[in-house]
């Protein structure tokens, strides 16, 4: 079963390919996405990496959390489900 990881404190110049290469050393990477601000079209400094299996994801968390990457100390942990947003009623 795949596991999604949160990766925070990314350098704004980090690419999805660089992130995929970093995590590939710990197992098969299924998907990588860096979150982009819709107004500035720049990275928000965090993203998500989906790993193929739980063991690889756990190894990546242990090895990369706190590690320097592109001059920033990464924050890596298991991603949490996003709570649904409440929308204001239209008037």
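In this note's numbering, the protein residues as written are 107 to 197. All residues carry an ideal CB built from backbone N, CA and C; glycine is no exception.
| Item | Value |
| --- | --- |
| Per-residue burial, residue 157 [other beta carbons within 10 Å of its own, 16 or more giving buried] | buried |
| Best match in 194, 196, 184, 180 for proximity to residue 116 [C-alpha to C-alpha] | 180 |
| Delimiting residues of the beta strand (DSSP E) encompassing residue 137 | 135-142 |
| Bridge partner(s) assigned by DSSP for residue 157 | 109, 135 |
| Cβ contact check for the region 108-127 and the region 147-161: 3 or more pairs under 8 Å | yes |
| Burial state of residue 141 (16 or more Cβ within 10 Å) | exposed |
| Identified DSSP bridge partners for residue 181 | 114 |
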